[in-house]
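Novice:
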Amino acid sequence: MKTSLIGIGVVILGAGIALGVTNPSREDYQVYAGDILATHLKEDVCTDLGGGQDLCQSFVEESRPQLQRIIDRNTSRDNFFIFSIYRTELVLPIPIPGVPEIHAETVGGLTQFHTYQLEEQ
Numbered sequence: 056m057k058t059s060l061i062g063i064g065v066v067i068l069g070a071g072i073a074l075g076v077t078n079p080s081r082e083d084y085q086v087y088a089g090d091i092l093a094t095h096l097k098e099d100v101c102t103d104l105g106g107g108q109d110l111c112q113s114f115v116e117e118s119r120p121q122l123q124r125i126i127d128r129n130t131s132r133d134n135f136f137i138f139s140i141y142r143t144e145l146v147l148p149i150p151i152p153g154v155p156e157i158h159a160e161t162v163g164g165l166t167q168f169h170t171y172q173l174e175e176q
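Residue numbers (this note's numbering): 56 to 176.
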């Protein structure tokens with residue numbers, strides 16, 4: 056009986072450590088959210104510019120590091136060791152037509168992310 060309880064404890068501890076090790080980092084989230092934001096800007100904002108679409112898409116690609124820094128400054132992370140919850144609020148100080156405010160909540164775990172709430176206003 057004692058041996059089986061110890062075995063169960065070891066399995067639970069091992070699973071917890073494995074989940075903790077696979078909890079993605081804040082930097083991983085910056086890349087993930089930056090990719091989503093860049094795709095959104097290129098597909099939804101740049102396409103509305105008509106003739107300036109190619110220039111806009113190039114600008115977005117060149118701006119990825121800055122987008123990631125903006126995301127980092129506007130994101131809070133609740134780290135629960137085996138997973139993390141990220142809350143991002145992207146609001147421009149001066150509104151630009153066609154560029155919405157973005158509110159996102161994402162869970163990260165097992166080296167992956169899942170955005171479960173995304174609001175654009």
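Ideal Cβ positions, reconstructed from N, Cα and C, are used throughout, including at glycine.
1. At the level of alpha carbons, what is the spacing between R128 and G105?
2. Report the option in G164, L173, Q176 and P150 whose CA atom is closest to the CA atom of Y84.
3. Evaluate Y87 with the Cβ neighbour count: other Cβ atoms within 10 Å of its Cβ, from every protein chain shown; 16 or more gives buried, anything less gives exposed.
4. Is the region 116-135 in contact with the region 92-107, if contact means three or more CB pairs nearer than 8 Å?
5. So the candidates are G107, F136 and A159; which of them puts its Cα closest to the Cα of N78?
Specialist: A quick look at the data gives this:
1. Along the sequence shown, one-based indexing puts residue 128 at 73. Along the sequence shown, one-based indexing puts residue 105 at 50. Straight-line Cα distance between these residues: approximately 31 Å.
2. Position 29 of the sequence shown, counted from the start, is the residue given in the question as residue 84. Across the set G164, L173, Q176 and P150, the C-alpha of G164 shows the shortest separation from the C-alpha of Y84.
3. Against the sequence shown, residue 87 aligns to sequence position 32. Residue burial is scored here from C-beta neighbours: Y87 has at least 16 other C-beta atoms within 10 angstroms and is therefore classed as buried.
4. Cβ pair count under 8 Å is three or more, so yes.
5. Position 23 of the sequence shown, counted from the first residue, corresponds to residue 78. Closest by alpha carbon: F136.
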